[in-house]
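Participant:
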Amino acid sequence: MGALPLLLAGLATACGGGAGEEEGATTIRVVTTVSPIRNIIENVGGDRVTVTAIVPEGTNSHTFEPSPSVAREIAQADLIVANGLNLELPTLELAEANRRDGVEIVLLGEATVSPDEYVYDFSFPEEGGDPNPHLWTDPILAGEYAVHVRDALGRLDPEGAAYYAANTEAFVERLEALDAAIK
158 MGALPLLLAG LATACGGGAG EEEGATTIRV VTTVSPIRNI IENVGGDRVT VTAIVPEGTN
218 SHTFEPSPSV AREIAQADLI VANGLNLELP TLELAEANRR DGVEIVLLGE ATVSPDEYVY
278 DFSFPEEGGD PNPHLWTDPI LAGEYAVHVR DALGRLDPEG AAYYAANTEA FVERLEALDA
338 AIK
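In the working numbering, each residue's number is its place in the sequence shown (first place is 1) plus 157.
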């Protein structure tokens, strides 16, 4: 395993929630797609969220076809968070069809970069139309993902907004340290 994966693994395990859970605090059920986003949500939401990632570890999220049982998880969610940028289209279609009325779907990629900032490369050529969706591999952009998660959780749980803000600040500081170590 190279240095970057080891650093990311260490960051993931070291970055639990911030302040302790308040007695009787709201627990938000969040459904997401892939494990890097699950990790971001867990770091921001801490003890006030339960997170389900529906794309199994080691599965190609670009080609993952969710089973009908995933619809049940989606239907129980208070918030749905996906990467977007065409990473998980079949899962997003299922989410649109099965979410409860009023449940927000947050597309982190689209919220983080505008079309003129899209990155294309050999795996994601511009003529194919789909930008590289793996923005979380850049620690600074992962921090921006965390800010969008913080905002979405705060809309659902205004009483927890300060908790989410503190967790986000601590998480972003660790991501910035990781970014500095990489450079």
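Ideal Cβ positions, reconstructed from N, Cα and C, are used throughout, including at glycine.
Can you look up I297 in the DSSP assignment and give me helix, strand or coil?
Facilitator: Helix, per DSSP.
Participant: Using the three-state DSSP reduction, which class does I185 fall into: helix, strand or coil?
Facilitator: DSSP places I185 in strand when its eight states are reduced to three.
Participant: I'd like to know if the stretch 260-273 and the stretch 212-229 are in contact, where contact means that at least 3 CB-CB pairs between them fall below 8 Å.
Facilitator: The stretch 260-273 is not in contact with the stretch 212-229.
Participant: Tell me which same chain residues have a C-beta within less than 7 Å of the C-beta of F328, skipping the five on either side of it?
Facilitator: Within the same chain, F328 has close Cβ partners C172, N200, V201 and A303.
Participant: If you run the structure through DSSP and keep just helix, strand and coil, what is I262?
Facilitator: Three-state result, I262: strand.
Participant: If distances are taken between C-alpha atoms only, which option among L251, E253, E330 and D308 comes closest to I198?
Facilitator: Nearest C-alpha to I198: D308.
Participant: Could you check what DSSP says for I237 in three-state terms: helix, strand or coil?
Facilitator: Looking at I237 - three-state DSSP - the assignment turns out to be strand.
Participant: Between the alpha carbons of E250 and I297, how many angstroms are there, rounded?
Facilitator: Taking the straight line from one Cα to the other gives about 29 Å.
Participant: Considering A201, what are the terminal residues of the alpha helix (DSSP H) in which it resides?
Facilitator: With the sequence shown as reference, residue 201 is identified as Val, and Ala is not the correct amino acid for it. Note, V201: alpha helix (DSSP H), S192 to G202.
Participant: Can we count N243 as close to the ligand HEM, meaning its CB is less than 7 Å from some heavy atom?
Facilitator: With respect to the ligand HEM, the structure offers nothing, as it holds no ligand at all.
Participant: Taking P272 as the reference, which of R256, N289 and R257 has the closest Cα?
Facilitator: Of the candidates R256, N289 and R257, the one whose C-alpha sits nearest the C-alpha of P272 is N289.
Participant: Please work out which residues of its chain come closer than 8 Å, Cβ to Cβ, to A232, disregarding the five sequence neighbours upstream and downstream, and give them in chain order.
Facilitator: Cβ neighbours of A232 beyond the five flanking positions: N255, R256 and R257.
Participant: Given Y321, which residues of its chain have a CB within under 6 Å of its CB, disregarding the five upstream and five downstream residues?
Facilitator: Excluding positions up to five away in sequence, the list reads V201, R307, L310 and G311.
Participant: Measure from the alpha carbon of D235 to the alpha carbon of each residue in T207, H305, H291 and T190, then state which is nearest.
Facilitator: Residue T207 is the option with its Cα nearest to D235.
Participant: Since T209 sits in a beta bridge, which residues does DSSP pair it with?
Facilitator: Its beta-bridge partners are V188.
Participant: What is the rounded straight-line gap between the Cα of V191 and the Cα of N217?
Facilitator: Straight-line Cα distance between these residues: approximately 9 Å.
Participant: By Cβ distance, which residues of its chain are closer than 8 Å to T269, with the 5 residues on each side in sequence left out?
Facilitator: The residues are L292, L298, E301, Y302 and H305.
Participant: Which of the three DSSP states, helix, strand or coil, is assigned to S226?
Facilitator: S226 falls in the helix class under three-state DSSP.
Participant: Using 10 angstroms around the beta-carbon of E245, count the other beta-carbons present and answer buried if the total reaches 16, otherwise exposed.
Facilitator: Per the 10 Å Cβ criterion, buried.
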